[in-house]
Every structure is written in structure tokens, then in C-alpha cells.
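This report refers to the structure that appears directly beneath it.
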């Protein structure tokens with residue numbers, strides 16, 4: 001096989017959330033990079049090892065066959081150690097390949113990541129499409145000679161680590177090519193609604209202490225035009241045959257008029273679909289949700305986070321419990337399913353306030369509730385505060401799954417075991433209610449499926465869906 005320019009790899013995600021739910025979704029960030037690379041006339045392949053489950057040893061056969069000049073991986077905090085193992089093994093068999101990692105974790109600790117793993121050559125910082133294209137072009141044309149000219153990276157320069165400064169954010173999001181979905185075995189993904197994820201905006205004007213979104217994509221709310229958004233919707237519906245789409249924006253409904261224009265465009269083109277969107281509780285009103293529901297919105301995701309006003313204020317959430325209750329009532333009035341997310345174990349939170357959050361979630365009675373333990377990801381304000389106060393339990397990134405305790409709660413007068421018990425209590429108290437089970441009988445099947453996916457299927461899982469990698 002002839003060598004290609006770039007191989008993009010999505011490493012295995014062994015986090016409990018992913019394994020328990022059995023989710024396997026296309027790597028949207030890598031598909032965006034691939035689309036940008038193809039537009040710039042580079043040859044590129046994507047290998048989603050979270051789908052194939054080869055692992056960082058067996059994947060060497062695939063990488064050797066493809067023989068790329070550049071290997072790029074994406075990594076969250078929970079997957080960074082695994083991603084670095086891939087890099088280490090790949091560099092053993094292809095020592096001249098340029099190894100690159102990007103993603104939310106390395107964006108905030110680029111120098112530390114390069115220092116921790118000497119086989120890693122480059123870290124892409126922040127928004128990646130323009131940066132990665134420039135990086136690949138510089139490397140292929142000049143090897144390492146012009147990497148110092150590429151904005152938005154940190155790289156290894158002999159025995160030193162150099163930072164090249166930040167790249168300005170992309171102003172015109174319509175200029176970004178659609179994700180290169182044709183480079184993944186699209187029909188092998190298990191949930192069609194999950195495979196239809198898309199992003200219509202970037203940036204967040206809010207500053208919650210536990211969130212790094214505005215630090216990665218900027219404080220300014222940048223949007224794609226309604227026409228451009230619905231062009232991609234058409235591609236998902238008519239080319240890929242999807243009936244369910246998830247708008248993965250942090251604040252899809254911040255610009256209400258734009259959200260309504262997207263809905264109007266969907267209706268004008270006669271597209272029949274169902275979609276999921278998320279919102280803060282203080283950016284919705286009834287006319288907006290009615291318009292979205294009439295265009296196909298079936299599920300609405302609210303970030304509630306706490307049932308204590310004091311804790312919400314500690315989080316910098318800038319919402320009230322009253323706003324939350326009103327937002328849930330509006331959603332139920334228009335007939336949309338609601339998902340509520342809640343965080344337990346925020347620094348300074350008491351046991352009583354955690355109980356208040358659990359009770360508040362039951363009072364709100366969403367169709368689904370998602371609970372997590374406060375996880376201070378690098379780059380978030382709370383991470384800096386906790387690190388300065390010596391309240392973090394080391395830097396074992398594998399534990400940053402949102403289901404594990406990573407704080408030294410003993411110094412806060414609590415205990416890690418208590419926080420983890422509260423998480424279990426929250427799920428049991430919410431889902432094992434007779435009224436909930438009667439209303440959502442199908443949840444029994446979901447729970448059974450989760451057990452099967454977690455404990456049975458891993459022993460017999462088909463390692464080679466569609467035989468794709470055998471055809472390389």
C-alpha cells in the first residue's frame with residue numbers, strides 16, 4: 001500500500017460511562033480534521049479504535065500497513081494515558097512519523113504532556129482545523145524545519161519544549177468543511193441517534209467554574225448560518241439515512257432567533273427528523289420550545305447541576321432554582337422529553353445539600369437524570385483552585401471519568417467513599433421509583449441492556465465490524 005499523508009486515530013475509551021451505556025459514536029472531532037485535510041488536498045484515513053477495540057499493541061499492524069507521515073490522536077483527560085501508549089508503540093515501529101495529540105486535555109497541559117512522553121512530537125492547542133492543516137503542510141514540505149512557524153502548537157525541539165503561541169479562533173464557521181463521515185464505517189455504530197451528532201456553534205459566553213468550554217472555544221458565541229446547518233442536516237438525513245440528530249452545542253438556544261430560523265429552514269425543506277438539543281434553563285421560553293418541537297425536537301438537555309442555591313452560586317452557574325423549575329414546566333407543557341444533569345460533591349457542598357440535589361431532581365421529574373461526581377478537568381477554574389489548595393488526589397488521569405472521586409474530600413470534612421455512595425443513591429432513588437418505572441417501563445430493558453453490555457458482550461464482542469481494517 002502506498003503511504004498516505006495522515007492517519008487519525010480515536011483511542012479506546014475505557015471509562016465507566018461509555019462502557020456501561022455501550023455507546024460507540026463516530027469521532028466528530030477527527031472527522032472535522034479529516035474534512036479540513038481533504039479540502040487542503042492531503043490524503044487521510046481515520047481509524048476509530050474505540051469501535052474496533054484492537055488496543056495499542058494490535059493496532060500497530062494497521063498503522064504499519066497505512067504507513068502515514070503523520071499520526072494524530074485525540075484525547076480527553078480520561079483517555080490521555082491510553083493515547084500516549086498508542087504514540088509510544090507507534091513510534092517504535094515508525095520512528096520517523098510525526099506524532100500529534102490534540103483535544104481538551106492537552107490544550108490545557110501541552111508542555112506537561114510533551115514532557116511526560118518523549119515519543120510525542122506535537123500538541124495541538126484549542127481549535128484544530130486550521131492549525132492541523134498548517135502543521136501537516138509544514139511537516140510534509142520541510143520535516144521539522146518550519147514547525148516553529150505554525151501557530152497553535154507546542155512541540156519538541158530537540159531537548160526543549162516550545163510553545164508557538166495561540167492561533168486566532170476561526171471567524172467564519174461556514175468555511176469549515178463538513179465532518180468527513182465517509183472515512184468511518186458509519187453503519188457500524190450502534191445508535192443512529194448518537195451517530196448523527198453535529199455542532200452548529202462554538203464558544204460560550206458563560207463562565208461556570210467546572211467547565212472549560214469557553215476557554216477552548218472562546219468567550220464569544222460564534223455560529224454557523226441556518227442554511228449551512230440545514231445543509232449538513234440534509235446530508236445526515238438523505239445521504240446517511242438518519243432519522244435522529246443531536247445538536248451538540250453547549251448553548252444551542254442562546255440566539256433564539258437563529259434557533260428558530262434553523263427550525264424554519266428544516267420545515268421549508270420538508271425534512272422529517274427528530275433531534276436533541278441542549279440549553280441553559282435561563283435561555284428558554286415557551287414560543288421558542290414550541291417552534292423547536294414543531295420542527296422535530298424530541299429531547300431537551302438541561303444542565304441543572306444542583307438543588308442548592310448556595311452551591312449553584314459557588315459553581316458560578318448564575319441561575320436560580322426558580323428558573324430551573326419554570327424551564328422544566330415549559331418543556332413538559334410543549335411535550336418534549338427532558339434530560340437533567342446534576343453534579344454531586346462540589347467543594348464546599350454539605351451532605352445535606354447533596355441530598356437536596358437528589359430530592360430536587362426527583363421533584364423536577366425529568367424523563368432521564370444524569371448524575372456525576374465533580375471532576376475538575378485541567379483548564380477549568382475549579383481545577384486551578386483545587387490544585388493550589390492541594391485538594392487533588394494526584395494526577396491519575398484514568399480516574400477522571402466523572403464517576404470516580406478525585407478530590408481529597410477528607411480535607412473538606414467528608415470522604416471519597418461517601419461521595420461515591422451518594423452517586424449510587426442518586427441513581428437508585430431516581431430510577432427505582434415505582435412511579436418512574438410505571439411511567440417508563442422501557443427503562444427496565446435499558447437497565448438490562450446495560451448489564452449485558454457491561455458484563456456479557458465484552459467477552460464475545462466482534463473485534464472486526466464490517467472487516468474494514470482487513471481491506472487496508
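In full-length UniProt numbering, the protein residues as written are 1 to 472.
No residue lacks a Cβ here, since even glycine has one placed at the ideal position from N, Cα and C.
Please read all numbers here as calculations on a predicted model, not as lab measurements.
Exposure label - residue i; buried when at least 16 CB within 10 Å
i           : result
residue 47  : buried
residue 41  : exposed
residue 182 : exposed
residue 249 : buried
residue 405 : buried
residue 328 : buried
residue 128 : buried
residue 93  : exposed
residue 317 : buried
residue 427 : exposed
residue 345 : buried
residue 82  : buried
residue 142 : exposed
residue 308 : buried
residue 252 : buried
residue 377 : buried
residue 62  : buried
residue 306 : buried
residue 352 : exposed
residue 239 : exposed
residue 9   : buried
Span separating the alpha-carbon of residue i from that of residue j
i           : j           : result
residue 59  : residue 71  : 12 Å
residue 334 : residue 140 : 54 Å
residue 429 : residue 342 : 14 Å
residue 237 : residue 276 : 15 Å
residue 387 : residue 393 : 9 Å
residue 285 : residue 302 : 13 Å
residue 486 : residue 247 : Because the chain is modelled from 1 through 472, residue 486 falls outside the range shown and cannot be assessed.
residue 294 : residue 381 : 39 Å
residue 274 : residue 338 : 14 Å
residue 76  : residue 290 : 36 Å
residue 396 : residue 55  : 20 Å
residue 187 : residue 230 : 22 Å
residue 473 : residue 133 : The structure shown does not extend to residue 473, since the chain is modelled only from 1 to 472, so the question has no answer here.
residue 242 : residue 265 : 18 Å
residue 36  : residue 177 : 6 Å
residue 118 : residue 259 : 46 Å
residue 478 : residue 135 : The structure shown does not extend to residue 478, since the chain spans only 1 to 472, so no value can be given for it.
residue 28  : residue 116 : 27 Å
residue 159 : residue 30  : 29 Å
residue 7   : residue 110 : 21 Å
residue 268 : residue 226 : 12 Å
residue 52  : residue 326 : 44 Å
residue 390 : residue 415 : 16 Å
residue 184 : residue 26  : 7 Å
Where the alpha helix (DSSP H) containing residue i begins and where it ends
i           : result
residue 361 : 351 to 364
residue 108 : 104 to 108
residue 557 : As displayed, the chain neither begins before 1 nor continues past 472, which places residue 557 out of reach and without an answer.
residue 138 : 129 to 142
residue 45  : Element bounds for residue 45: not the alpha helix (DSSP H) but the beta strand (DSSP E), 44 to 48.
residue 425 : 416 to 431
residue 233 : 226 to 234
residue 259 : 256 to 268
residue 84  : 80 to 93
residue 434 : 434 to 439
Terminal residues of the beta strand (DSSP E) in which residue i lies
i           : result
residue 72  : 70 to 74
residue 391 : Segment: none, residue 391 is in no beta strand (DSSP E) and carries neither H nor E.
residue 125 : It is not in any beta strand (DSSP E) - residue 125 carries neither H nor E in the DSSP assignment.
residue 372 : 368 to 373
residue 6   : 6 to 10
residue 57  : It is not in any beta strand (DSSP E) - residue 57 instead sits in the alpha helix (DSSP H) that spans 55 to 66.
residue 154 : 153 to 157
residue 161 : 160 to 163
residue 493 : With the chain covering only 1 through 472, there is no way to say anything about residue 493.
(request) Decide yes or no for the touch test of the segment 221 to 232 against the segment 166 to 186: beta carbon pairs closer than 8 Å, at least 3 of them. (result) yes
(request) Please list the segments of the alpha helix (DSSP H) lying wholly inside the segment 170 to 213, counting only runs of 4 or more residues, in order along the chain. (result) 192 to 195
(request) Scan the segment 274 to 353 and note each continuous beta strand (DSSP E) run of 3 residues or more that stays entirely inside, going in chain order. (result) 274 to 279, 297 to 305, 337 to 344
(request) Would you check if there are 3 or more beta carbon pairs closer than 8 Å linking the segment 99 to 106 to the segment 116 to 123? (result) yes
(request) Kindly confirm or deny that the segment 203 to 210 and the segment 151 to 158 touch, where touching means at least three C-beta pairs closer than 8 Å. (result) no
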